[in-house]
Amino acid sequence: MIISRMKPVSELLDYVAGEEKIFLIGCGICATYCASGGKRELMFVKKVLEDAGKTVTGMLVVEGVCVVGRTKKHLEYYPEAYNSDSIMVFSCGTGISVVADLVPVKVHPGTDTLFSGAIVAPGVFEEKCSMCGKCELEWSQGVCPHTICPKGIFNGPCGGVHDGKCEVNSERDCAWAVMYERAKRNGCLDELERPREFKDWRDNIKPRRIVVRSGKIVHH
Amino acid sequence: MYITDYIEKHGFVYTVELTPPVVFREKFEKKVQKFSKLFKFMNFTDFQRGTVKVTSLVAAIIAKDYGVEPVIQLTGRDRNRIAIQGELLSAYAMGIENVLCLTGDHTSLGGDDQAKYVGDVDSVQMLKLVELLSCGELYGGKKLRKKVEFCAGAALNHYSEPRELNIFKLHQKERVGARFFQTQPVFDAEEFLKFLEEAKLKVPVIAGIMPVRNLKMAEFLDKNLSGVKIPEQLMERLSNGEDYLDIFVEILRVIKPHIAGVHFMMAKYDEVAYIVDKVG
Ligand code: SF4
Ligand code: SF4
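Quick note, the sequences are listed as chains B and G, same order. Note that numbering that gives the first Met the number 0 gives residue 90 to position 91 of the first sequence, counting from 1, and the numbers run on in steps of one. Note that numbering that gives the first Met the number 0 gives residue 140 to position 141 of the second sequence, counting from 1, and the numbers run on in steps of one.
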């Protein structure tokens with residue numbers, strides 16, 4: 000799931016200073032789940048904007064703003080969106096960009112997109128993977144060296160590990176302490192002993208795009 | 000001169016860590032000149048704790064004019080593999096022969112906590128880059144016309160726990176070519192020696208000594224220096240008004256037979272002069 004957080008109201012109001020008519024779009028999947036852009040949040044923003052003297056021309060929640068065709072289709076039924084001064088989108092950054100690509104008016108981001116996260120309990124989201132393009136989880140025992148270790152260390156731990164906790168955030172386990180214990184348990188400490196060479200970042204050159212046809216990647 | 004060659008020849012080395020200047024070159028030069036009376040080897044820090052300064056390399060070049068053999072510190076915090084190799088080639092071009100390879104602190108803990116952490120190269124990978132250069136190669140296979148050799152060292156933080164994992168990493172540093180270790184400051188001689196005994200390292204260890212002047216400073220370091228623990232006993236002795244320099248003379252006397260050198264950190268000239276004179 001893509002985890003996002005609604006921007007502070009003051010920032011949203013700054014964006015629309017000088018504008019009058021604003022259309023709101025939310026996302027029925029991730030942003031609803033993490034309470035950054037579902038129906039409830041749109042109602043909240045509507046009130047905030049109206050209290051500030053703005054007109055909310057309409058609201059739309061798409062089940063996945065990131066699905067371009069779906070968002071495009073929905074927007075066809077909302078001509079008022081195009082007649083507004085701007086559209087404020089409450090989804091992940093992908094959804095916001097999708098809308099900005101589709102409409103001929105100014106688009107404001109309503110959220111800050113944080114990470115791709117696991118839902119570890121209702122309302123508790125944790126980052127596990129930074130989507131680097133070349134997964135290292137085989138040797139790293141399922142602990143992402145780019146994500147769980149803030150320094151992205153391939154040959155760890157750093158000298159800052161203290162009682163198995165991370166130097167950067169002492170409430171979190173050091174990625175390498177976890178990795179080491181798992182490697183011992185899995186009987187493959189040798190995988191960690193071998194010095195890791197450099198990361199190949201070529202699959203991380205932005206923006207990335209793949210084309211899949213009949214279950215096969217046909218273009219990369 | 001390689002610091003390890005010096006150790007081999009003389010049995011022991013005293014080094015001091017200096018912070019490169021921000022803008023006052025003259026003041027820095029005076030400091031270097033003063034310390035050079037006692038020290039042949041000096042370490043220069045690399046944007047220590049993420050603060051902007053003259054680079055360790057430029058500080059080292061300045062120091063060379065005073066007959067100093069510099070050890071430049073390099074971290075992977077602010078430079079990727081291209082910049083690290085470039086810095087190493089630049090160091091070589093300027094006759095710098097010793098380098099301390101560090102992963103570095105995280106930017107979020109330093110002077111500009113909004114800066115992006117680079118982290119393309121960790122300490123082990125940096126040692127690997129040094130090894131490649133010494134074979135006349137850059138990362139990626141490009142051959143150089145000449146071997147570019149350094150004496151590369153690594154950091155040892157004996158406070159890092161779990162100890163087993165800490166030692167695991169130190170051995171890995173040795174495997175990729177660390178030729179010496181420089182440690183975090185030692186405040187508890189017995190504990191430190193226990194660590195060394197357990198770690199069974201093959202390369203020379205240069206122990207950090209940071210003369211803590213008073214209780215206030217001790218408490219500050221205990222709280223703020225990554226993982227550093229200052230033993231109660233030392234705190235007590237400081238609060239009893241015991242001469243701090245004599246305490247460090249004592250610590251050093253205990254560990255000296257087991258180490259290859261001392262690395263003074265955050266120390267004033269008069270302090271190190273006193274300690275070196277007493278310990279010999
Ligand atoms: S190495 Fe980490 S960031 Fe890269 S794909 Fe695997 S889990 Fe994700
Ligand atoms: S303490 Fe562990 S997780 Fe934290 S930065 Fe160091 S190696 Fe990475």
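Positions of the beta carbon are idealized from the N, C-alpha and C atoms, including for glycine. From a predicted model like this one, the values you see are computed outputs, not experimental measurements.
In chain G, which residues lie with their C-beta within 7 angstroms of the C-beta of residue i?
i        : result
Phe197/B : Arg80, Gln124 and Tyr138
Ile152/B : Thr102 and Asp121
For chain G, is any of its Cβ atoms less than 8 angstroms away from the one on residue i?
i        : result
Ala174/B : no
Glu166/B : yes
Asn227/B : The question about residue 227/B has no answer here: the residues shown for chain B are numbered 0 through 219.
Tyr179/B : yes
Pro108/B : no
Gly163/B : yes
Gly159/B : yes
Run through chain B and tell me which residues come within less than 7 angstroms of residue i, C-beta to C-beta.
i        : result
Arg174/G : Pro194
Asp282/G : Examination of residue 282/G is not possible in this model, given that chain G is present from 0 through 279 alone.
Smallest Cα separation from residue i: which of the options?
i        : options                                   : result
Gly92/B  : Gly109/B, Lys105/B and Cys128/B           : Gly109/B
Phe180/G : Leu99/G, Leu37/G, Tyr91/G and Thr14/G     : Leu99/G
Asn97/G  : Thr14/G, Leu37/G, Val31/G and Lys228/G    : Thr14/G
Phe89/B  : Cys134/B, Gly37/B and Gly214/B            : Gly37/B
Leu214/G : Arg76/G, Ile205/G and Gln232/G            : Gln232/G
Asp4/G   : Phe191/G, Arg178/G and Met234/G           : Arg178/G
Asp202/B : Ile152/B, His219/B and Ala120/B           : His219/B
Asp276/G : Ile258/G, Glu249/G and His257/G           : Glu249/G
Gln47/G  : Val21/G, Asp245/G, Glu68/G and Ala259/G   : Val21/G
Val227/G : Ala206/G, Val185/G and Leu200/G           : Val185/G
Lys150/B : Asp119/G, Glu160/G and Val253/G           : Asp119/G
Thr146/B : Gly159/B, Ser129/B, Ile86/B and Ala34/B   : Ser129/B
Arg212/G : Ile246/G, Lys141/G and Tyr65/G            : Ile246/G
Asp221/G : Arg181/B, Asp111/B, Glu180/B and His161/B : His161/B
Leu101/B : Lys127/B, Asp84/B, Gly68/B and Val123/B   : Gly68/B
Tyr158/G : Phe23/G, Leu192/G and Gly139/G            : Leu192/G
Val104/B : Met87/B, Val119/B and Ala117/B            : Met87/B
Lys133/B : Glu180/B, Val177/B and Trp200/B           : Trp200/B
Tell me, please, whether the CB atom of residue i is closer than 8 angstroms to any CB atom in chain B?
i        : result
Thr74/G  : no
Asp45/G  : no
Ser159/G : yes
Gln84/G  : no
Ser225/G : yes
Can you list, in chain order, the residues of its chain with a C-beta nearer than 7 angstroms to that of residue i? Leave out the 5 residues immediately preceding and following it.
i        : result
Asp111/G : Gly49
Gly176/G : Leu126, Val129, Glu130 and Ala151
Asn154/B : Pro194 and Arg195
Leu251/G : Ile208, Val261, Ile274 and Val278
Asn185/B : Gln140
Glu40/B  : Met5, Gly25, Ala34 and Phe89
Ala90/G  : Leu56, Ile71 and Val98
Val98/B  : Ile24, Val64, Thr70, Ile86, Val88 and Val106
Identify the contact partners of residue i in chain G, using a Cβ-Cβ distance below 9 angstroms as the criterion.
i        : result
Val142/B : What Val142/B touches in chain G: nothing, since even the nearest Cβ is about 13 angstroms away.
At 8 angstroms on the CB atoms, spell out the chain G contacts of residue i, in chain order.
i        : result
Pro149/B : His105, Ser107 and Tyr116
Pro156/B : Ser159, Leu164, Asn165 and Lys168
For residue i, go through chain B and note every residue whose CB falls closer than 8 angstroms to its CB, in chain order.
i        : result
Lys127/G : Pro194 and Glu196
Gln171/G : Asn154, Glu192 and Pro194
Asn156/G : Gly158 and Gly159
Quick one: which chain B residues come within Cβ less than 9 angstroms of residue i?
i       : result
Asn42/G : Within chain B, no residue comes near Asn42/G; the closest Cβ sits about 16 angstroms away, beyond 9 angstroms.
Leaving aside the five residues before and after residue i along the sequence, list all residues of the same chain whose C-beta is less than 6 angstroms from its C-beta, in chain order.
i        : result
Thr102/G : Gly75, Asp121 and Ser122
Ala114/G : Thr106
Ala58/G  : Pro19 and Phe43
Ala266/G : Pro210
Pro203/G : Ile6, Phe179 and Ala259
Kindly list the residues whose CB is nearer than 8 angstroms to the CB of residue i, restricted to its own chain and excluding five residues on each side of it in sequence; keep chain order.
i        : result
Gly159/B : Cys165, Glu166 and Val167
Item checked: Residue list, Cβ distance to ligand 1 heavy atoms smaller than 6 angstroms -> Cys128/B, Ser129/B, Met130/B, Cys131/B, Cys134/B, Glu135/B, Leu136/B, Cys143/B, His145/B and Thr146/B
Check: With distances taken from each beta carbon to the nearest heavy atom of ligand 2, which residues come in below 6 angstroms, in chain order?
Finding: Cys148/B, Pro149/B, Lys150/B, Ile152/B, Gly155/B, Pro156/B, Cys157/B, Gly159/B, Val160/B, Cys165/B, Glu166/B, Val167/B, Cys173/B, Ala174/B and Trp175/B
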